[in-house]
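Student: Take a look at the following structure, please.
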Amino acid sequence: MPDEVREFESEEVRKRLESVGIELDPKERSATFVQVDQEVKLSKSFFEGVEVMSIKAALEKYDWLEDYFWKAVRKDQDEFTREADSEDVNGYFIRALPNAKVEIPVEACLYLRTKGHKQRVHNIIIAEENSELNIISGCTSHPGVMAGLHIGISEFFVKRNAKLTFTMIHSWESNIEVRPRSAAIVEENGTFISNYILMNPVKLVQMYPTAYLNGKNSQAIFSSVIVGLEGANIDVGSRAVLNAENSKAEIVSRTISRGGRIVARGHLVGNVSGVKGHLECRGLILTENGSIEAIPVLEANHPDVDLSHEAAIGKIAEEEIFYLMSRGLSRDEAISAIVRGFMEIEIKGLPEALKREIDKAISLVEKELL
Amino acid sequence: MLRLVNLSVDVNTKRVLTNVSLYVREGETLALFGPNGSGKSTLMNAIIGNPKYKITEGRIIFKKHDITRVPTDERVKLGLGIAFQSPPAISGIKLIDLLKKIAEIRGTEEEKIYEYAKKLKMEEHLEREINRGFSGGEMKRSELLQLLVMNPDFVMLDEPDSGVDLENIGIVGKAIRELLERDKKKREKAGIIITHTGHILDYVDADYGAILYRGRIACIGDPYEILEDVREFGYEGCVEKCLTKYGNLNLRR
Chain A
7 MPDEVREFES EEVRKRLESV GIELDPKERS ATFVQVDQEV KLSKSFFEGV EVMSIKAALE
67 KYDWLEDYFW KAVRKDQDEF TREADSEDVN GYFIRALPNA KVEIPVEACL YLRTKGHKQR
127 VHNIIIAEEN SELNIISGCT SHPGVMAGLH IGISEFFVKR NAKLTFTMIH SWESNIEVRP
187 RSAAIVEENG TFISNYILMN PVKLVQMYPT AYLNGKNSQA IFSSVIVGLE GANIDVGSRA
247 VLNAENSKAE IVSRTISRGG RIVARGHLVG NVSGVKGHLE CRGLILTENG SIEAIPVLEA
307 NHPDVDLSHE AAIGKIAEEE IFYLMSRGLS RDEAISAIVR GFMEIEIKGL PEALKREIDK
367 AISLVEKELL
Chain W
10 MLRLVNLSVD VNTKRVLTNV SLYVREGETL ALFGPNGSGK STLMNAIIGN PKYKITEGRI
70 IFKKHDITRV PTDERVKLGL GIAFQSPPAI SGIKLIDLLK KIAEIRGTEE EKIYEYAKKL
130 KMEEHLEREI NRGFSGGEMK RSELLQLLVM NPDFVMLDEP DSGVDLENIG IVGKAIRELL
190 ERDKKKREKA GIIITHTGHI LDYVDADYGA ILYRGRIACI GDPYEILEDV REFGYEGCVE
250 KCLTKYGNLN LRR
């Protein structure tokens, strides 16, 4: 473990970090960034094709970075974006250089250390032309820190022919509120893949990340796996605005309520001819006190667009449980296998390392879930 | 091996089977005929313990255990196995993962999975989600593959030949022969094959045939004779012929 983050050495903290995909092992990552409350503890790149630093350091280094600030997300969008627009905001700057293939993931950890702290983060992520960039962003809180607020602004820029895969895994506590505000601008032939995993207690998560597909043949894929435990209030959506010829978007969400209230939103906007988008929201309610609301919205502003959606919410089909029992699985084993299968989403183009992290995050909490 | 005693079964409070008694001994295969809706699938579902099928009267005895109220997975562990007529698709679970789990439960070597998959031409389906997008014939082969790995002592096959194309009926037949040990001199396995068309009997021989008619066992005898009579006189005619020949036969032999 790097010296800068010795404070993470305890078994309990390591486990937490692991559950959000943070390894702190240079062999497994292209770069590592760690921010505790407002302080950047560690930012190191182990691969020359990728730059990682605190957003403050990056602003000092690059004059042009100023232009990227509040370019994808509006500064005056709401009270939280306004709150993040403050002096002591910190965050990460991650940039894949032109033509660089950053296959091994970059990890970025945002750690809430102090009880009641309002963590404000502003991140800028750039995949330059022809580059490929994979990021795991793990956000979690210190054991015992039961209350706090996390506001994270993330602005993504996917340049021509670039591919950016961003996987965000959250693990909080029952009295923490989380308000990420993210948006991506995708240029010609660019691909933006965003994955979101939330499976632990939380008081409130509210976000609606948006991808603007501004370049010809650009595409966005949003996938989320969300578990709402008792007391959680989760309102999460994904939006893709199809602004350019032949742009494509796919939004898939799998929500499970075990007592929590979940609103699963999705919004596809087709603004020009020849764009295509599909939205899929599936929900599973495991207990009687939970609720899931799926709100898919399709918006066509041109006659020649192809937008579709499917949404389904229900309990586990008895027929499926019985089928697996007829293969010798006990009822509990059958339910567990079906729920696990429900969370298994085939994410196209997802690198193996990220797939492993997602699988690991899911299997780590799955036992407690059932 | 399996004995049904005066079994009556309701589905959604509607009586489907009335007073069905049957006895299938070790080494025997019974071909079960009957028109659509006569209760053939209900009988198998009741035997395996599908909770949608309520046993209102009677008992199921398997290997001397009364399993009438035993959960399905326990019945499977005792050695019952079923291939469904139209199994559900299950999202997110790969066929290979289920097969590995079955192998673990039943103590089958994992290499056998691939051997059987090859025999049934299902190798390419192993990495796919269970039954998702499978054709009718592929589903049947998937069910048989699972049964081969499960290696049950008592095998129930619900219309294993329907939807199977000519090219594959041979390999399906072969798999069933293996499941029922039809090529062995001394057999320990037993089973029931539901067949609507009787087509599968060209590939697998059965020791007895029975007709299920309006929820009752109406006729028991030589499977090939029964099949011929059904083809000639229809189910009603065949049942009538049976009744005049044997009287109202409700209990086997």
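Each protein sequence line maps, in turn, to chains A and W. All you need for this note's numbering is the position in the first sequence, starting with 1, plus 6. All you need for this note's numbering is the position in the second sequence, starting with 1, plus 9. Every residue gets a Cβ at the ideal spot worked out from N, C-alpha and C, and that includes glycine. Predicted, not measured: the structure shown is a model, and the values here were computed from it.
(1) Is the beta carbon of W/T38 sitting closer than 8 angstroms to the one on W/I202?
(2) Per the DSSP calculation, A/I364 is bridged to which residue(s)?
(3) Taking A/Q225 as part of the beta strand (DSSP E), name the residues at either end of that continuous run.
(4) Excluding sequence positions up to five away, which residues of its chain have a Cβ less than 8 angstroms from the Cβ of A/I110?
(5) How many angstroms separate the CA atom of W/V248 from the CA atom of A/E350?
(6) Thinking A/I142 and A/E363 are a contact (beta carbons under 8 angstroms), I'd like their distance in whole angstroms, please.
(7) With 8 angstroms as the limit, tell me which residues of the region 318-337 of chain A have their beta carbon closer than that to any beta carbon of chain W; keep them in chain order.
(8) Would A/E13 pass as an interface residue toward chain W - the criterion being a Cβ-Cβ separation below 8 angstroms?
(9) How many Å lie between W/D106 and W/L153 at the Cα?
(10) Between which two residues does the alpha helix (DSSP H) holding W/Q155 run?
(11) When you compare only the Cα positions, how much space is there between A/K81 and A/S342?
(12) Among residues of its own chain, excluding the 5 on either side of A/Y202, which ones have a beta-carbon nearer than 6 angstroms to its beta-carbon?
(13) In its own chain, which residues sit with a C-beta less than 8 angstroms from the C-beta of W/K23, not counting the 5 before and 5 after it?
(14) Among the residues of its own chain, which have a CB less than 6 angstroms from the CB of A/S279, if the five just before and after it don't count?
(15) Quick check: the region 231-245 of chain A against the region 203-214 of chain A, are there 3 or more CB pairs under 8 angstroms?
(16) When the Cβ atoms of the region 257-275 of chain A are set against those of the region 285-303 of chain A, are three or more pairs found closer than 8 angstroms?
(17) So, does the region 185-203 of chain W touch the region 106-115 of chain W, judging by three or more C-beta pairs under 8 angstroms?
(18) With 8 angstroms set as the bound, which would you pick, yes or no: does the beta-carbon of W/Q94 sit closer than that to a beta-carbon of chain A?
(19) Can you grab the Cα-Cα spacing for the pair W/G172 / W/K149, in whole Å?
(20) Enumerate in chain order the residues of its own chain whose CB-to-CB distance from A/S160 is below 6 angstroms, with the five nearest sequence positions on each side excluded.
(21) On the three-state DSSP scale, how would you describe A/N206?
(22) Does the region 155-167 of chain W come into contact with the region 78-94 of chain W, if we say contact requires no fewer than three beta-carbon pairs (one atom in each stretch) closer than 8 angstroms?
(23) Using a 10 Å radius around the Cβ and a threshold of 16 neighbouring Cβ atoms, would you call W/I56 buried or exposed?
(24) Can you pull the DSSP bridge partners for A/Q125?
(25) Using a Cβ cut-off of 8 angstroms, pull out every chain A residue sitting near W/P60, in sequence order please.
(26) Determine, using beta carbons only, whether A/H29 comes closer than 8 angstroms to chain W.
(27) Quick check on the burial criterion: 16 or more other C-beta atoms within 10 angstroms. Buried or exposed for W/T204?
(28) Put W/H74 into one of helix, strand or coil per three-state DSSP.
(29) Kindly list, in the order they appear in chain A, the residues whose Cβ is closer than 8 angstroms to that of W/R115.
(30) Can we say the region 58-71 of chain W touches the region 217-226 of chain W, given the rule of at least three CB pairs closer than 8 angstroms?
(31) State the Cα-Cα distance for the pair W/S17 and W/L135, rounded to the nearest angstrom.
(32) How big is the Cα-Cα spacing for W/L129 and A/R346?
(33) So what does W/M165 bridge to, in DSSP terms?
(34) Count Cβ pairs between the region 327-338 of chain A and the region 288-297 of chain A that sit closer than 8 angstroms; are there 3 or more?
(35) Would a check of beta-carbon distances place W/K109 closer than 8 angstroms to chain A?
(36) Report the neighbours of A/A102 on chain W: residues whose CB is nearer than 9 angstroms to its CB, in chain order.
Tutor: In this structure, then:
(1) Translated into positions along the second sequence, residue 38 of chain W becomes position 29. Translated into positions along the second sequence, residue 202 of chain W becomes position 193. Yes; because the gap between Cβ atoms is below 8 angstroms, this pair is in contact.
(2) As a working note, residue 364 of chain A is residue 358 in the first sequence. According to DSSP, which records beta bridges pairwise, A/I364 is partnered with nothing at all.
(3) Against the first sequence, residue 225 of chain A aligns to sequence position 219. Segment Q225 to L235, the beta strand (DSSP E) holding A/Q225.
(4) Counted from its first residue, the first sequence places residue 110 of chain A at position 104. Contacts found: E34, R35, S36, F53, N140 and A359.
(5) Numbered from 1 along the second sequence, position 239 holds the residue referred to as residue 248 of chain W. Numbered from 1 along the first sequence, position 344 holds the residue referred to as residue 350 of chain A. For W/V248 and A/E350, the distance between alpha carbons rounds to 51 angstroms.
(6) The count along the first sequence starts at 1 and reaches residue 142 of chain A at position 136. The count along the first sequence starts at 1 and reaches residue 363 of chain A at position 357. With a Cβ gap of about 6 angstroms, A/I142 and A/E363 count as contacting.
(7) Answer set for the region 318-337 of chain A: A323, E324, E325, E326, F328, Y329, L330, M331, S332, R333, G334, L335, S336 and R337.
(8) Counting from 1 along the first sequence, the entry for residue 13 of chain A is found at position 7. Chain W, which has no Cβ nearer than 8 angstroms to the Cβ of A/E13, makes this no.
(9) The residue you call residue 106 of chain W lines up with position 97 of the second sequence. The residue you call residue 153 of chain W lines up with position 144 of the second sequence. Approximately 16 angstroms between the Cα atoms of the pair.
(10) Mapped onto the second sequence, residue 155 of chain W falls at position 146. Judged by DSSP secondary structure, W/Q155 falls within the alpha helix (DSSP H) whose first and last residues are G145 to M159.
(11) Counting from one through the first sequence, the residue named residue 81 of chain A turns up at place 75. Counting from one through the first sequence, the residue named residue 342 of chain A turns up at place 336. The C-alpha of A/K81 lies about 43 angstroms from the C-alpha of A/S342.
(12) Here residue 202 of chain A corresponds to residue number 196 of the first sequence, with the count starting at 1. Contacts found: M174 and S230.
(13) The count along the second sequence starts at 1 and reaches residue 23 of chain W at position 14. Closer than 8 angstroms at Cβ, skipping near neighbours: no residue.
(14) Translated into the one-based positions of the first sequence, residue 279 of chain A becomes position 273. H308 and D310.
(15) Result yes; three or more Cβ-Cβ pairs closer than 8 angstroms.
(16) A contact exists between the region 257-275 of chain A and the region 285-303 of chain A.
(17) No contact exists between the region 185-203 of chain W and the region 106-115 of chain W.
(18) The residue you call residue 94 of chain W lines up with position 85 of the second sequence. For W/Q94, no CB of chain A lies under 8 angstroms from its own CB, so it is not counted at the interface with that chain.
(19) The residue given as residue 172 of chain W occupies position 163 in the second sequence. The residue given as residue 149 of chain W occupies position 140 in the second sequence. Looking at the backbone, the Cα of W/G172 and that of W/K149 are separated by about 8 angstroms.
(20) Numbered from its first residue, the first sequence carries residue 160 of chain A at position 154. So the qualifying residues of the chain are N129 and S188.
(21) Working through the first sequence from its first residue, we reach residue 206 of chain A at position 200. Residue state, collapsed to three classes: coil.
(22) Flag = yes, the region 155-167 of chain W and the region 78-94 of chain W touch.
(23) Indexing the second sequence from 1 puts residue 56 of chain W at position 47. Label assigned to W/I56: buried.
(24) Walking along the first sequence from the start, residue 125 of chain A turns up at place 119. Answer by DSSP bridge pairing, in chain order: A/H156.
(25) To locate residue 60 of chain W, count along the second sequence from 1; it is residue 51. Those within 8 angstroms of W/P60 in chain A are E324 and F328.
(26) Against the first sequence, residue 29 of chain A aligns to sequence position 23. The residue asked about is misnamed: residue 29 of chain A is Glu in this sequence, not His. No - not a single Cβ of chain W is within 8 angstroms of the one on A/E29.
(27) As a first step, residue 204 of chain W is located in the second sequence; it is residue number 195 there, counting from the start. So W/T204 counts as buried.
(28) Here the question's residue 74 of chain W lines up with position 65 in the second sequence. W/H74 sits in a strand when the DSSP states are folded into three classes.
(29) Looking up residue 115 of chain W in the second sequence gives position 106. Ordered by position in chain A, the residues that pass the 8 angstroms Cβ test against W/R115 are G334.
(30) Too few Cβ pairs lie closer than 8 angstroms, so no.
(31) Translated into positions along the second sequence, residue 17 of chain W becomes position 8. Translated into positions along the second sequence, residue 135 of chain W becomes position 126. Going from the Cα of W/S17 to the Cα of W/L135 covers about 39 angstroms.
(32) For the purposes of this step, residue 129 of chain W is taken as the residue at position 120 of the second sequence. For the purposes of this step, residue 346 of chain A is taken as the residue at position 340 of the first sequence. Distance between the alpha carbons of W/L129 and A/R346: 28 angstroms.
(33) Taking the second sequence and counting its residues from 1, the one referred to as residue 165 of chain W is at position 156. W/M165 is bridged to W/I91 and W/I201.
(34) Flag = no, the region 327-338 of chain A and the region 288-297 of chain A do not touch.
(35) Along the second sequence, read from residue 1 onward, the residue named residue 109 of chain W stands at position 100. It does not; no Cβ of chain A falls within 8 angstroms.
(36) Within the first sequence, numbered from 1, the residue matching residue 102 of chain A stands at position 96. Within 9 angstroms Cβ-Cβ: nothing; A/A102 doesn't reach chain W, min ~32 angstroms.
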